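Encoded as structure tokens, the structure appears first; notes follow it.
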Amino acid sequence: MSYLSIYYLFLVIPAVVIIYSIVPKKFRYIFLLLVSFALFFYISKKLIVILFITILTTYISALFINKLEEKKELLLNNANSEEKKEIKNKFKFKKKLLLIIYILINVSFLVAYKYLNFFSINTNLLLKLLHIDYSFKIIRIVAPIGISFWLLTALSYVIDVYNGKVEAEKNPLKVALYISYFATLIEGPFTRYADIKDSMFAGNNVTYDNLCRGYQRIMFGLFKKMVIADRLNILVKIVFDNYIEFSGFSSLLGTIAYTVMLYMEFSGTMDVVIGSSEILGINIKENFRQPFFSKNISEFWTRWHISLGAWFRDYIFYPISLSKPMKKLTISARKKLGNHFGPLISGSIALFVVWFLNGLWHGAGYTFLAFGLFHFLMILLGNIFTPLIIKICNKLNINRENIIYRVFQSIKMAFLVFIGEIFFRADTMQIALGMIKKIFTDWSIRTGEISSLGLDIYDYIALLIGITFVFVISIFKEKNIDVRNEISKKPVAVRWALYYILIFSIFLLGAFGHGYVPVDPMYADF
Amino acid sequence: MEKLIEILEGLQPEVDYETVDNLIDGRYLDSLTILSLVSEIEDEFDVEIPTVEIIPANFNSAKKMWELIERLKEE
């Protein structure tokens, strides 16, 4: 099921909103929990047991960690300075042990459902290569829906409790809702308990203002998917399935189309997630911040799927780069290599782990690992060459804030993103590398090639209108102008005229009917 | 506080640390500089900065960093 399906948008959400408004305030979060479990059960049936185990272990672990902390404080009050150190060390060890057991239990679900087959297939290949007559059985298993999202959301809560960032929640139903909240269950974004708890459990009233703002956002998401993503899907499928028949130009076009499609589909889904939560008075942080306006690929990933990047930054990058041995390495390397290259060593080791896991998170396959490692390499090279580029620019009197330089930077950034997305979309490494080779070597456009990409002139016009519309809205956002706020200040006639234009443009320009295949919710598979 | 300013100037000399209060948000200090900064502060002031404390609010100005160091020393 997709969040962008008509069924979900115009049947599930209105029904949830109506019942939510009728239910007494203090029971509203319980109603949301029931909806979440129902959605999960509807899709993954008995695998809901895995979700329950995660909820239970999360709830208990956080409570235990809190209890240990309370006990430690009590003992510290009556201890001298010698004893204090011993008590602190003892409790630190206990807390850490508990956290590790919790993480191992839950990550094992992820490994079992998502990675076991990949590891088994590769181990079998290795065994065959070594002439060892043994092979692991490959079992086709279906993972519980959204496991990559809700599992990491649960982990963040327990780690935050461990770090003393939030208090452990005593009400198990609230922990359950935080982990399985229906709007973020399938495609995220990753929320943090400290950010969401107040609005999630308050049972806020549905106001006319929130309803308007929420549905405007939802319709904007639907526009992105139906007008742009579903249309580009045709071209993308043709190019990636038959890349051998096309020139490098079409390969590049297919890659650009795929990147734009992925953005429109995923950010459109986030519009639905954030918009529907807004109606219920639940605040969810943005997951995209105009990524294509970035200066470099590193900045791009702080603006695209923000919550995933932030998760890796807080729970992988900093814990590794600021671990004791790494800190020692940073200090000694800085003395020898200077301010720029000194911290680069520990930073790069942590960055490698982050991008390796980022690739793996997206899927168990070599193309996804290549996607992660490609980004690691590009960001590393960017870091290594930054001082040299600044030096050259200064020598040649090039102003790096100049508009031409900025455009050059953006084109370079976009090109690298497109190449990265080839790995992301291609079914095999052979296809990915074949397409990249074509882009760099084969520019012989054959006659009639453009018309064989599956789109007609009407499609290209619709795409041009759609992308321009999203681009203009993005410029407003980049300039910190809240378009929905501006609309709400307009007279009622103008407001409704704008709503109708948006709705009719979806009907008029939307890619449905014969020949169109709606794009699958891509991130739901991760 | 003087020692902290000295560390900061050693890492990124082109900033007036007495007045600037958006060191992170204004992108004066990048993530690699933060790695050096945290390591140097811990080494110099004998404190341990937990990763949860590495947030813009604690590193946006020299004053905020000093407050963090003082707080961690007390703990």
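Chains A and B, in that order, give the protein sequences.
Numbering that gives the first Met the number 0 puts the first residue of the first sequence at 0, with every later residue one more than the last.
Numbering that gives the first Met the number 0 puts the first residue of the second sequence at 0, with every later residue one more than the last.
Glycine included, each C-beta is placed from N, C-alpha and C at the ideal position.
Note that this is a predicted model, so its numbers are computed, not measured.
Using a cut-off of 8 Å between C-beta atoms, extract the partners of Thr329/A located in chain B.
Leu34, Ser35 and Ser38
Let me confirm a value: Leu462/A is counted as buried when at least 16 other C-beta atoms fall within 10 Å, else exposed. Which label applies?
buried
Short check: CB of Phe311/A to CB of Leu356/A, under 8 Å?
yes
Scan the stretch 217 to 262 of chain A and note each continuous alpha helix (DSSP H) run of 4 residues or more that stays entirely inside, going in chain order.
229 to 240
Leaving out the 5 sequence neighbours to the left and right, which residues in its chain are closer than 8 Å to Leu415/A when beta-carbon positions are compared?
Ile296 and Met377
How long is the line joining the alpha carbons of Tyr19/A and Asp24/B, rounded to whole angstroms?
39 Å
Mark Ile124/B as exposed unless 16 or more other C-beta atoms lie within 10 angstroms of its C-beta, in which case mark it buried.
Since the first and last residues shown for chain B are 0 and 74, residue 124/B lies out of range.
According to DSSP, simplified to helix, strand and coil, what is Arg27/A?
helix
Which same chain residues, not among the five before or five after Phe367/A, have their C-beta less than 6 Å away from its C-beta?
Gly358 and His361
Run down chain A in chain order and give the residues with a C-beta less than 7 Å from the C-beta of Pro49/B.
Asn162
Nearest candidate by alpha-carbon position, reference Phe181/A, set Tyr317/A, Phe9/A and Val34/A
Val34/A
Note down, in chain order, every chain A residue with its Cβ under 9 Å from the Cβ of Ile53/B.
Asp313, Tyr317 and Leu321
Start and end residues, alpha helix (DSSP H) containing Ser347/A:
Lys323 to His361
Note the first and the last residue of the continuous alpha helix (DSSP H) segment covering Ser30/B.
Ser30 to Phe44
Report all residues from its chain with a CB closer than 8 Å to the CB of Glu72/A; omit the five preceding and five following residues, and keep chain order.
none
Top-ranked residue by Cα proximity to Thr254/A, from Gly267/A, Asp240/A and Phe265/A:
Asp240/A
Under 8 Å between C-beta atoms, does Ser60/A make it to chain B?
no
For Leu10/B, go through chain A and note every residue whose CB falls closer than 8 Å to its CB, in chain order.
Asn338
Using the C-alpha atoms, what's the distance from Asn77/A back to Glu420/A?
59 Å
Contact belief for Ile12/A with Ser275/A at Cβ below 8 Å, rounded distance in angstroms:
5 Å
Within 10 angstroms of its Cβ, does Val48/A collect 16 or more other Cβ (buried), or is it exposed?
exposed
Report the three-state DSSP secondary structure of Val16/A (helix, strand or coil).
helix
Just to confirm the assignment: which complete alpha helix (DSSP H) runs, minimum length 4, are found wholly within the stretch 158 to 184 of chain A?
171 to 179 and 181 to 184
Taking only three categories from DSSP, how would you classify Pro188/A?
coil
Consider the Cβ of Leu31/B: report whether some Cβ of chain A lies at a distance smaller than 8 Å.
yes
Does any C-beta atom of chain A lie closer than 8 Å to the C-beta of Asp15/B?
no
Quick check on Pro342/A - is its C-beta less than 8 Å from some C-beta in chain B?
yes
Label Lys127/A either buried or exposed according to how many other C-beta atoms from any shown protein chain fall within 10 Å of its C-beta, with 16 as the threshold for buried.
exposed
Between which two residues does the alpha helix (DSSP H) holding Gly433/A run?
Met428 to Thr440
List the residues of chain A that Glu43/B touches, going by C-beta distances under 9 Å, in chain order.
Within chain A, no residue comes near Glu43/B; the closest Cβ sits about 10 Å away, beyond 9 Å.
Measure the CB-CB distance between Ile486/A and Leu497/A and report whether it falls below 8 Å.
yes
When you compare the CB positions of Ala153/A and Val160/A, do they come within less than 8 Å of one another, or not?
no
Kindly say whether Gly346/A, judged by its beta-carbon, lies nearer than 8 Å to any beta-carbon of chain B.
yes
Three-state class that DSSP yields for Gly381/A in the structure shown
helix
Cβ of Arg333/A less than 8 Å from any chain B Cβ?
yes
Answer with buried or exposed for His130/A, where buried requires no fewer than 16 other C-beta atoms within 10 angstroms of its C-beta.
exposed
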